[in-house]
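Numbering (the working numbering), first residue to last: 475 to 767.
The beta-carbon is built from N, C-alpha and C at its ideal position, and this holds for glycine as well.
Owing to the predicted nature of the structure, the values given are computational and were not obtained by experimental measurement.
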């Protein structure tokens with residue numbers, strides 16, 4: 475198959491540029507596939523594209539290059555088209571980011587709620603040579619979910635301070651024998667895990683976390699009990715006053731059991747033994763009641 479070339483050297487616009495055909499996509503996938511070859515007595519892992527390039531040069535030295543040259547040109551044309559599509563995505567991402575920034579600036583100038591501008595321009599990540607991605611809430615529903623996670627993180631920080639306060643000195647003495655790091659350890663670990671699972675714009679820095687801890691530590695024990703109780707209730711998860719999380723080491727064992735359970739369910743779904751959300755939920759409830767209650 476001959477390769478048509480753009481003799482004018484003028485790049486086609488994204489609107490008129492053809493999409494990759496199924497054959498071209500297959501060529502790209504195959505060209506990127508890694509294989510192991512032996513070269514000069516040593517094993518090397520190279521792409522099919524590199525193998526074709528080497529063979530092309532070897533065959534050229536023997537005076538016959540037509541078939542390999544044609545394959546090389548086909549792969550090269552597909553790669554050029556694929557790269558141009560990536561460049562189009564990068565350009566689109568930058569335009570989208572600029573547009574959202576304009577909308578945000580307009581909202582701030584008019585005194586409107588900036589949270590209504592979604593996705594936030596800071597959450598649109600332009601990746602040169604790759605495209606772009608949205609690393610944050612893209613609509614109001616997703617924003618609500620992120621805000622709920624932020625609220626839970628903040629409550630866990632408060633819970634950690636409370637447990638450390640009400641755990642003194644009896645719990646501190648017992649931690650030496652039980653292997654517990656410190657009173658409130660599990661709450662603090664969960665808060666850290668939740669914090670770093672949030673979109674970057676919503677993550678609290680170590681300085682901000684330290685400030686929260688210092689702020690809560692200024693409260694009396696009575697104030698901590700009251701505010702922690704109110705905080706859990708405010709996020710729709712009311713707890714009795716003075717409630718504490720399970721011990722750290724015990725929770726690590728339980729988390730390991732849940733991870734193993736999730737891995738088993740994933741394997742069953744992959745094997746086609748669980749085919750719907752309802753079946754997965756039923757199996758999950760069955761195993762939890764059998765193993766954890």
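Counting along the chain, residue 660 sits inside the alpha helix (DSSP H) bounded by residues 659–670. In the DSSP assignment, residue 601 falls within the unbroken beta strand (DSSP E) covering 598–601. In the DSSP assignment, residue 606 forms a beta bridge with 600. Restricting attention to 565, 600, 625, the CA atom closest to the CA of residue 677 is found in 625. Residue 677 sits in coil when the DSSP states are folded into three classes, being neither helix nor strand. Taking 8 Å as the cut-off, the beta carbon of residue 617 is found no closer than this to the beta carbon of residue 705. Secondary structure at residue 519: strand, using DSSP grouped into helix, strand and coil. Looking at 662, 528, 707, the one whose alpha-carbon comes closest to that of residue 719 is 662. Going by C-alpha positions, residue 574 is about 44 Å away from residue 509.
Annotation for residue 591: 574, 577, 578, 581 place their beta carbon closer than 7 Å to its own, counting only its chain and skipping 5 residues before and after. Within the DSSP secondary-structure output, residue 620 pairs in no beta bridge.
In the structure shown, residue 510 falls within a strand segment according to DSSP collapsed to helix, strand and coil. DSSP places residue 721 outside both helix and strand once states are collapsed to three, so it counts as coil.
The beta-carbon distance between residue 583 and residue 597, rounded to whole angstroms, is 21 Å. This is too long to meet the 8 Å contact definition.
Collapsing the DSSP output to three states places residue 634 in a helix. Apart from sequence neighbours up to five positions away, the residues of its chain that approach residue 660 with a beta-carbon distance below 6 Å are 719, 722, 725, ordered along the chain.
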